[in-house]
Amino acid sequence: MHIVDLVMDHLSGWACSTAPGVVPKLNEAVQFLLDSLAGHQPILADTVDPRITVAIDHIRSSLQDQTSIKSVAAKCFLSESRFAHLFKIQTGIPYRRYVLWCRLQTAMLAIQKGANFTDAAFEAGFSDGAHLSRTFTDMFGVAPSEVLK
């Protein structure tokens with residue numbers, strides 16, 4: 001199935017639904033579309049390897065720790081090289097880039113909730129506000145201060 005068809009399925013499910021869980025379905029569809037446009041291979045829930053699900057859960061719950069690929073691979077009972085390969089196949093991005101993406105998401109959510117830049121950086125596992133700013137600029141090509149204006 002083509003990516004546009006998958007996005008349309010998500011959106012039509014949202015538009016035709018009267019169920020209380022409509023907003024999460026819309027958010028899922030929008031995220032799916034953004035990931036597709038950004039060139040990331042979207043993850044479909046029924047195709048994710050359970051070991052990668054364990055890894056993603058671990059990454060998201062321990063962003064403040066310096067979680068090495070070696071320790072996460074061991075948690076999944078895989079060698080480091082096999083884990084790195086499987087993670088990239090399943091998610092569409094390398095492990096380290098995924099961790100940075102999760103940290104950026106966490107920091108931006110904290111800022112949206114009213115945290116200052118430094119506290120948001122620490123909450124997301126960055127060493128300081130400058131580290132967060134450099135990473136954000138590298139990832140998006142624009143400084144976070146420009147986005148937050």
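If you're matching positions, the sequence shown starts at 1 in the UniProt record's numbering and goes up one per residue. Backbone N, C-alpha and C define an ideal beta-carbon position, used for all residues, glycine too. Predicted model, so just to flag it, every value in this text is computed and none were measured.
Where residue i and residue j are concerned, what is the direct C-alpha to C-alpha distance, given to the nearest angstrom?
i    : j    : result
P132 : Q112 : It should be noted that the sequence gives Leu, not Pro, for residue 132. Each residue's alpha carbon lies about 15 Å from the other.
V54  : A84  : 14 Å
Q64  : P144 : 20 Å
F117 : S61  : 21 Å
M1   : I59  : Note that M1 has pLDDT 48, beneath the 50 cutoff, so the model's placement of it is unreliable and the number below is only indicative. Between M1 and I59, the C-alpha separation is close to 30 Å.
F122 : D128 : 6 Å
E146 : T106 : 18 Å
D57  : M108 : 19 Å
V142 : R134 : 10 Å
Taking the alpha-carbon of residue i as reference, which of the options has the nearest alpha-carbon?
i    : options               : result
L100 : A73, T67, H85         : T67
I89  : D49, A130, V54        : D49
C102 : L86, A120, A124, D119 : A124
G92  : T47, T106, A107, S79  : T47
A115 : K70, G141, L148, D138 : L148
Give the C-beta separation of residue i and residue j to the nearest angstrom, bearing in mind that I take them to be a contact with Cβ-Cβ under 8 Å.
i    : j    : result
A110 : D119 : 7 Å
L86  : F136 : That pair is no contact at about 28 Å.
C76  : R97  : Not really, about 18 Å apart at Cβ, beyond 8 Å.
Residues in its own chain within less than 7 Å of residue i by CB, not counting five upstream and five downstream?
i   : result
A74 : none
S71 : none
Cutting at 6 Å between CB atoms, please list the residues of its own chain near residue i, excluding the five before and the five after it.
i    : result
P94  : K88
F126 : L132
If you drop the 5 nearest sequence neighbours on each side, which residues of the same chain put their C-beta closer than 8 Å to that of residue i?
i    : result
I69  : E80, F83, A84, Y95, R96
L78  : R51, L86
M139 : L100, W101, L104
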